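The block underneath contains the structure these notes are about, expressed in structure tokens.
Printed below as a string of structure tokens:
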């Protein structure tokens, strides 16, 4: 529960690219392929990967390997 509260605090503090990424993931029922996120955000693969790295560091999302692609999942709702 405490982790969930901490995550909610981080979500409220999100700005810019991280907020945009989080909203896009949530709009996709909390799970989206990383390649789809790259397409929707209009950024390079590297930039999206770095945004997701920061979000993963804050324990907001997790990435799971699905074949050759990454699935991005919201950790706490």
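Numbering (our numbering), first residue to last: 7 to 83.
Each residue gets a CB set at the ideal place from its N, CA and C atoms; glycine is no exception.
All values reported here derive from a predicted model rather than from experimental measurement.
Any chain B beta carbon closer than 8 Å to residue i
| i | result |
| --- | --- |
| residue 15 | No chain B appears in this structure, which consists of one protein chain only. |
Closest Cα partner of residue i within the set the options
| i | options | result |
| --- | --- | --- |
| residue 18 | 61, 71 and 78 | 61 |
| residue 80 | 51, 56, 35 and 52 | 35 |
| residue 76 | 41, 56, 82 and 50 | 41 |
Alpha-carbon to alpha-carbon, residue j and residue i
| i | j | result |
| --- | --- | --- |
| residue 39 | residue 23 | 17 Å |
| residue 66 | residue 45 | 21 Å |
| residue 26 | residue 59 | 14 Å |
Boundaries of the alpha helix (DSSP H) in which residue i is found, first to last residue
| i | result |
| --- | --- |
| residue 30 | 22 to 33 |
| residue 43 | 40 to 47 |
| residue 58 | 51 to 63 |
Continuous beta strand (DSSP E) stretch holding residue i: start and end
| i | result |
| --- | --- |
| residue 79 | 75 to 80 |
Any non-hydrogen atom of the ligand FAD within 7 Å of residue i CB
| i | result |
| --- | --- |
| residue 42 | The ligand content of the structure shown is nil, which means the ligand FAD is not present either. |
Environment of residue i [buried if 16+ CB atoms lie within 10 Å]
| i | result |
| --- | --- |
| residue 43 | buried |
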